[in-house]
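Let me begin by presenting the structure, written as structure tokens, before commenting on it.
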């Protein structure tokens, strides 16, 4: 029974048109910047990409690394989870 609950939770987190594409790009490129992800998925809007990345980060699927420099640099990668 708990296996089905975990599977259902995973499906809830990963469903949607964009999350699978974002994860595929990150899996194939290790780390990517926001602009690189946007170029790799041209049909996604900036707002939708930001929202999907925030959700994936919230669920600890994507790691967001912010570098303290000018201009700001942010990289995204897949977590071990």
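Numbering (the numbering used here), first residue to last: 8 to 88.
C-beta: ideal position from N, C-alpha, C; glycine also.
Coarse secondary structure for residue i, derived from DSSP in three states
| i | result |
| --- | --- |
| residue 83 | strand |
| residue 65 | helix |
| residue 72 | strand |
| residue 8 | At residue 8, the pLDDT of 49 sits below 50, so the modelled position is not reliable and the matter cannot be decided from this model. |
Buried or exposed by the 16-neighbour rule on C-beta atoms within 10 Å, applied to residue i
| i | result |
| --- | --- |
| residue 73 | exposed |
| residue 83 | buried |
Inter-residue CB distance, residue i and residue j (contact presumed, cutoff 8 Å)
| i | j | result |
| --- | --- | --- |
| residue 53 | residue 59 | Rounded, the Cβ-Cβ distance is 11 Å, inconsistent with contact. |
| residue 28 | residue 85 | Not a contact, Cβ separation roughly 13 Å. |
Same chain, Cβ closer than 7 Å to residue i, five either side skipped, listed in chain order
| i | result |
| --- | --- |
| residue 32 | 39, 44, 47 and 48 |
Contacts around residue i, its chain only, beta-carbon distance under 8 Å, and the 5 residues preceding and following it disregarded
| i | result |
| --- | --- |
| residue 75 | none |
| residue 80 | 40, 73 and 74 |
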